[in-house]
Amino acid sequence: PFMSLLSLVPKTFLPFFSFRCRPVTRLRSVAARTMSSQSSQRVFQLKQDPLTGNSEWIVIEENDQTGAPETSTDGLLATTSYLDMLNDSRRNRAYRLAIEKTITEPCHVLDIGAGTGLLSMMA
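Residues 768 to 890, numbered by the numbering used here, are exactly what the sequence shown covers, in order.
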């Protein structure tokens with residue numbers, strides 16, 4: 768099942784899938800972000816390789832219908848939906864155009880938040 772999930776990952780991230788990791792079947796976390804409103808959901812999670820210390824983004828499939836027990840979250844660093852948001856070129860183009868119309872002269876930008884900083888870089 769893990770190899771079938773690789774088709775969901777942008778090709779630029781495929782080199783990061785070089786080590787084997789324990790399968791993660793179900794996580795309950797407030798920070799988990801879904802990519803689908805169906806009963807089967809996909810989330811991105813940052814996982815750390817305990818041998819090398821390297822981290823990688825993995826795609827995890829959650830099935831709400833299965834009563835699978837929770838698994839250990841050792842090695843998981845974070846969960847996010849930023850990756851799908853950053854790859855949404857239509858939305859990012861709309862934000863960039865709105866910023867360009869609003870900011871007409873040089874200014875200082877203060878980015879307060881826990882995001883990627885993409886909008887402040889556009890400004």
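Note that CB positions come from ideal geometry on N, CA and C, so glycine has one too.
Boundaries of the alpha helix (DSSP H) in which residue i is found, first to last residue
i, result
"Ala865", "856-869"
"Leu885", "885-889"
Integer Cβ distance of residue i from residue j, believed to fall under 8 Å
i, j, result
"Tyr849", "Thr883", "6 Å"
Sequence-distant residues of the same chain with beta carbon closer than 8 Å to residue i, five excluded per side
i, result
"Ile866", "Leu886, Met889, Ala890"
"His875", "none"
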